[in-house]
Structures are given as structure tokens and as C-alpha cells.
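Residue numbers (the working numbering), protein chains in the order written: chain A, 1 to 292; chain B, 293 to 514.
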């Protein structure tokens, strides 16, 4: 796989191919698997992603602690806000839906992680419905997203314990932004700008889950992560360029993660987890969990 | 090397790739070390596994793995009830394994048909795992490949003999690690393979009179 997006974009431009194409070819070469075999694994991931969106939208799931669930359905059926009836509101609902399924021990695709699993399916399946995009293009988009995630894993991190939430929902937003930009007709270079634009918006984001559970704020960070991805896609396709090269933005995320205090890296020692209410909810709910 | 399918995956039961999917994989690897579902299991959780395990279903995922469920199996949610029905008596305890142990570490003591195995496993994040100790022997088993674990009398030629059997079956050896506690004592071998070992190869290895124990571990990741 590529260790820089600069190299992947250059390879795509040289061949007049998409990032999806160069990603599939690199994976096929690295792993000794046929492209069709890789696509069929990605097709399965797509099916699971759709299943999780549909399941979460039903609104009846609750997490182990009881603190999370039912909010995706509120966006679907609750009172209209300024975004009523838009793709944007639908994407937010989808992101919440997948994370509510995850928190309730339902089946999801960890892409890149379970904690950030809502962003990519929300953006890709939301856009596919709104714009009539077929499954083969969605599979291409998943390949592009995988390439972006692999570069982030190589240069920075995809783990909240290592890099904070910028490495989980931030990375997911970057993957979704780049993949969807290409899926919507953007060039590889525009996809690169979309990745950089999404990631600059999540730099420094800490991982501070109440009680260490993948519930609060994780579920909502997936919705706001999807929103950042949508903003990045819109800007990149409009021709906006981000002046710091995408690989340098990724390196920055890694550097910030390494210097982040351990309280902000999934330990529930700081941030929202350490607020008076965060501590109280943790105490009450964990006691309840032990009894059940 | 990072694979695209590691990033878009695994397909798993939530909520946490380290505390749920990783825990399940450790359970699966430990299960193959006793050759099937154990009758008794003691699970000692350390660090973050101990502190946040209940909310992440770490206990369910470990027990589910011991029952042979994979990380994407929805039965993980009901694994504790299923264990009771299937005659797996488990006990979960919280402990400190070592001050410098990985935050997500578990020690499993399993008993099946009179045989007892003690395993220590770590969940490294993103669903990746590592067994670090089997019956006191230091090991490194990731479950990303097919693995054979064997205990043999430490004698010249033993490694060559086993490699020969695998080569004759066309199985490619990816990594190999041999450890022992003392010279002339038992040698502990961990072989990671690119292809699943055939039943015939395993039977030939088991027939060697100086091999005391052979276990084939499933590939649980990748």
C-alpha cells in the first residue's frame, strides 16, 4: 500500500486512473489477492454498513449503560430544524444510527475503528441515495477510503489510545471526505484537498469517553465528524485548495497525538469524562451495569 | 504492511475493536489451545479490561470466543447465557497481572477433559491481538496466520523434522519461534503458516514420540 497520499495521487494522475483503481491494484499486489476478490470483501462490508444504518434508524436500541440510543430516530422523525429534508440531516441521522448499533453490541464494520464506524457509511450511503450512485461506485469509494486510512495508519495513527479522537472520528472524516469527493466526480487531487480540509478541522480532538465506554461523546462525534466530511467535500469540489499538503496535515495529526496528555487518550481521565456530570453518570451507570 | 481490508474492517459486533473484537479473538485462540470449548474457565482481567470491560461486553466476547464464536457473530451478546447451557463454567475476576502489562490484558486458565492450559493475551487495538504466554512459556501469537503450537523434548534435529513434514505437505512456514525453560527440558515451538496445516501433517507431527503436545490454532484475523 502507499505510504503517502502524494505518491498515490501522482500514480493515479500518471495512469489517468482513479485513486480507487490504484488502491485496488496496490492491495492486489501486496496481498496476492485478485481485485475481484477484494471487491467482493468490500461489497460485504457495504452490505453490513447498510444493515447497520437501517437497524439504527428503527430507534429501539439502547447501549449497555442505557445512556445511548434512539437519537438517530429523532433526526429522522423529530421536529424540523434548518436542515429539515436535506441530505445533510440524513447523513447526521445515519452516522448516529450506526454508532447506536455499535453501542448496543450490534454488527458494524470497524472502518477505521468501531468508535469511528458511523462516519464513512453515513456519508457514502447518504450520498448514494441522494444522487442515485450504484454499488460498484460505492465499492470503489470504500477502496479509496481504505487507501486513505492505510496512509493515516502508516504516518500517524488510527487509535484513540495513541492519538485521541482525531485519530478515530477525525481519520474517519478524512477517509469519507476523500472517498466521497472522488465518488462525486472529483479528481484525485481534489480528493487530496478534501482529505486535508476534513482533517484540519479535527486536529487536536481529544478522546474523552465517559467511563471509557464507546458511548458519550463517541456517538455524537460520529455525527459531527460526518458533518465535517460533508463540508470538506463541498469545498473541495468547488475547487477550494488547502495550502498545506495532505501528507503534512496527516503528519501533524500524528505529532499532536503523540504529544497529547494521556488523560485525553481514551483513559477517561480528562475532557468530558472528567466533568462533574461525566463522573456522576459513570459512577451511577457502571454500578447499574454490575448489578444487571 | 497495512492492508486496505484491515482499514475497512473487521466486520464485528460492537462496541469496541479492542475490548470486544480483540477479546473475542483472544478467546478463540485460547479455545484452540485446549482443542474445543473448555468445561471450566477462569478469566482474569487486567487494566482497562478490568475497569471498562463490563460496558464493552469484554466478558461476553471472551466467553463467546471460548465457545467458538467469531467477532461478527451476534450470539456474542448472549454468550454468557449460552455458556451456561453448553456446560462452560466461567468465572471473571479483576486483577493486576503486572505493573507494566499492556492495559488490555487477560489471563485465561482453561480446563477441558482434565487438561489445563494457562494463557495470557493482549488486545492491541483495532482488533489486533497477541498471546504472550502459554503455560509460562513466552510466546508471540497474533492469530493473523495459521499457527501450530507444540511442546517437544529438546533434542537435536527436532526442528528440521517438523519443518520437513510441513514442507512435504506444501505448507509454507512464515515465522518460527522456539523457547525453552532449561537445556534438555521441554522446548516450546510456535510456527506461523501461510496455509492451513493438513490433518495429515498434524497427525504425522503428533505421532513423533518426542512431541508431547500439538495444537493447531485457527486464523482469527485478516
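Built from N, CA and C at the ideal position, the CB exists for glycine as well.
- Counting only beta-carbon atoms, is residue 102/A nearer than 9 angstroms to chain B? yes
If you follow the alpha helix (DSSP H) that residue 25/A is part of, which residue opens it and which one closes it?
-> 19-31
Checklist entry - Does the beta carbon of residue 267/A come closer than 9 angstroms to any beta carbon on chain B? => result yes
- Would you mind stating whether residue 57/A and residue 76/A have Cβ atoms separated by less than 9 angstroms? yes
Quick one: what does DSSP say residue 401/B is sitting in, helix, strand or coil? strand
(Q) Going by DSSP, what residue range makes up the beta strand (DSSP E) through residue 339/B? (A) 332-339
| Along chain A, which residues have their Cβ under 9 angstroms away from the Cβ of residue 371/B? | Result: empty, since nearest Cβ-Cβ is about 10 angstroms, beyond 9 angstroms.
| request: Could you tell me whether the stretch 355-375 of chain B touches the stretch 316-335 of chain B, where touching means 3 or more Cβ pairs closer than 8 angstroms? | output: yes
Could you check whether residue 416/B and residue 325/B sit closer than 9 angstroms to each other, using their CB atoms as the reference points? no
With a cut-off of 8 angstroms, do at least 3 Cβ pairs link the stretch 404-419 of chain B to the stretch 477-492 of chain B? no
* **Where residue 310/B sits in the DSSP three-state scheme** => helix
- Message: At the level of alpha carbons, what is the spacing between residue 502/B and residue 434/B?
- Response: 26 angstroms
Can you list, in chain order, the residues of its chain whose CB lies under 7 angstroms from that of residue 294/A, leaving out five sequence neighbours each side? The displayed coordinates of chain A run from 1 to 292. Any statement about residue 294/A would go beyond what the structure contains.
- Message: Counting only beta-carbon separations shorter than 9 angstroms, does residue 109/A have a partner in chain B?
- Response: yes
Span of the beta strand (DSSP E), counted from its first residue to its last, around residue 214/A
Taken as a continuous stretch (DSSP letters only), residue 214/A belongs to no beta strand (DSSP E), as it is neither H nor E.
| said: Are there any heavy atoms of the ligand PLP lying less than 8 angstroms away from the beta-carbon of residue 72/A, as far as the coordinates show? | reply: The ligand content of the structure shown is nil, which means the ligand PLP is not present either.
Expressed to the nearest angstrom, what Euclidean distance is found between the alpha-carbon atoms of residue 180/A and residue 251/A? 22 angstroms
### Residue range of the unbroken beta strand (DSSP E) whose run includes residue 504/B
503-509
From residue 165/A to residue 2/A, what does the alpha carbon distance come to, in whole angstroms?
24 angstroms
Where does residue 99/A land, buried or exposed, given buried means 16+ other C-beta within 10 angstroms?
-> buried
Listed by chain order, chain A residues near residue 343/B by CB distance under 7 angstroms
212
inquiry  = Using 8 angstroms as the cut-off, can you tell me whether the stretch 217-227 of chain A makes contact with the stretch 87-102 of chain A, which would need three or more C-beta pairs spanning the two stretches below that distance?
reply    = yes
Decide if the stretch 191-209 of chain A is in contact with the stretch 157-171 of chain A; the criterion is three or more beta carbon pairs, one per stretch, under 8 angstroms apart.
-> yes
Unbroken alpha helix (DSSP H) run spanning residue 188/A, endpoints = 188-200
#### Entry: 9 angstroms Cβ cutoff, residue 241/A in contact with chain B
no
Would DSSP call residue 478/B helix, strand or coil?
strand
Q | Assigned exposure category for residue 18/A - 16 Cβ within 10 Å defines buried | A | buried
Quiz prompt | Nonlocal neighbours in the same chain, by C-beta distance under 7 angstroms from residue 72/A, ignoring five residues either side | solution = 56, 57, 59, 93, 96, 97, 100
Taking its Cβ as the centre, do 16 or more other Cβ atoms sit within 10 Å of residue 129/A, making it buried, or is it exposed? exposed
Where residue 184/A sits in the DSSP three-state scheme: coil
- Query: So, does the CB of residue 31/A fall closer than 9 angstroms to a CB anywhere in chain B?
  - Reply: yes
*For residue 468/B and residue 497/B, the rounded distance between their alpha carbons*: 16 angstroms
Using CA coordinates, which residue listed in 231/A, 254/A, 69/A, 138/A is at the minimum distance from residue 89/A? 231/A
Going along the stretch 68-99 of chain A in order, which residues come within less than 8 angstroms of chain B, judged by CB to CB distance? none
Leaving out five residues on either side along the sequence, give the residues of the same chain with a beta carbon under 8 angstroms from the beta carbon of residue 257/A. 156, 157, 162, 163, 164, 166, 167, 265
ask   = Is there a Cβ from chain B that is less than 9 angstroms from the Cβ of residue 9/A?
value = no
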